[in-house]
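In the numbering used here, the protein residues as written are 3 to 387.
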């Protein structure tokens, strides 16, 4: 197992450049390694020892692209720790370096591009590290010196933009988007096939959504692995401010999202009913098809009658009342009975009356349930807003 000289190790992590220079005449400093294959440059970068970094780069520039056991260069470590001056020193050295690493002889990339784009064992670059630990000044520096970087996925299919969206970091997002290839906004994660915009919607981060839509407006239309768009996600999570922002994008944008079905055939209108997400501005929209069917031939009103949930009960009742009294919405059964049978001259009055009695009885039972349980605490009370 590798081990580094004690005095050398101590000098580097404490930025004692005089001791480092003294040891250069006694040890093969460039060949020293820790048990994790870290070089003296890795250590100096990790601890922000800028004087030692500059000395090591002057004497042992071949260490610039050396990897430790995690497949990381010193740049990964400096970016993760947010050592701006160290990152800058590494980039300056890379720009003037004449290194021609064996693994990159058949590439047209410059040394600085190779350094910035090198990925570790989890396929993360220095940019991933800087974003993950919210070092915006380092993010800006890396992007400035490699503006054509494609911002690749890590092993979990997370791009730097996706990581910034998860963290709600609008500052880093506004740093990345102006210079990044716009295709980065369409990249999805591994498990749920969600973009940075889907994540922002799920977490209710309106500021992130505004920035993403400002630069890439058509990313609103992308769906996840379940076929759900941002309105589906916002309805399910009860993210009302997100819904209001989406509404502000205009009727043409909202109408296209409202008619989009997920893999179960549910539109966002079905999700309003299912998850009791009442937003008055949305409920009052004209030219909305409240009688749209999912794959089970259920309208939003049908769904309300089948999935009443005590967590959302008050808002579901409110939605039901609105659909019946204002939107004049009908159930699938009612829609079916409006189709006139050419061989049947007389309407089935008895059946219609029986249906009406059944519905009235159900309404009475619902009211009684509400009265009996009005003192019970309801979850997600913000859905009443």
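Beta carbons are placed, not taken as given, at the ideal position from N, Cα and C, and that holds for glycine.
| Asked | Found |
| --- | --- |
| Quick one: what does DSSP say residue 302 is sitting in, helix, strand or coil? | helix |
| Hey, residue 321 and residue 280: beta-carbon distance below 8 Å or not? | yes |
| Just to confirm my understanding: we take residue 226, look at its own chain, exclude 5 residues before and 5 after, and list those with CB closer than 6 Å. What are they? | 194, 195, 196 and 200 |
| So what's residue 208 in DSSP terms, helix, strand or just coil? | helix |
| Assuming residue 29 contacts residue 13 (C-beta within less than 8 Å), just tell me the rounded distance between them. | 11 Å between Cβ atoms; not a contact. |
| In whole angstroms, what is the alpha-carbon distance linking residue 153 and residue 329? | 47 Å |
| Since I believe residue 96 is in contact with residue 66 (beta carbons under 8 Å), could you give me their beta-carbon distance rounded to a whole number of angstroms? | 6 Å |
| Could you tell me if residue 278 is buried or exposed, where buried requires 16 or more neighbouring beta carbons within 10 angstroms of its beta carbon? | buried |
| Does residue 219 come out as helix, strand or coil in the three-state DSSP assignment? | helix |
| Would you mind reading off the limits of the alpha helix (DSSP H) that contains residue 47? | 42-49 |
| What is the residue span of the alpha helix (DSSP H) that residue 57 lies within? | 52-61 |
| Who are the near neighbours of residue 132 in its chain, counting only those whose CB is closer than 6 Å to its CB and skipping five residues on each side? | 81, 140 and 141 |
| Please check the pair residue 16 and residue 35, which I expect to be a contact at CB under 8 Å, by giving their CB distance rounded to whole angstroms. | The pair is not a contact, with the Cβ atoms about 19 Å apart (cut-off 8 Å). |
| Hey, residue 191 and residue 228: beta-carbon distance below 8 Å or not? | no |
| In the DSSP assignment, find the alpha helix (DSSP H) that holds residue 242 and state where it starts and stops. | 242-249 |
| Closest to residue 188 by CA distance: which of 159, 209 and 63 is it? | 159 |
| Using the beta-carbon count (16 or more within 10 Å), is residue 100 buried or exposed? | exposed |
| Should residue 33 be labelled buried (16 or more other beta-carbon atoms within 10 Å of its own) or exposed? | exposed |
| Decide yes or no for the touch test of the stretch 270-277 against the stretch 297-317: beta carbon pairs closer than 8 Å, at least 3 of them. | yes |
| What distance in whole Å lies between the Cβ atoms of residue 231 and residue 267, which are believed to be in contact at a cut-off of 8 Å? | Not quite, the Cβ-Cβ distance comes to about 14 Å (not below 8 Å), so this is no contact. |
| Output yes or no for whether 8 Å exceeds the beta carbon distance between residue 213 and residue 259. | no |
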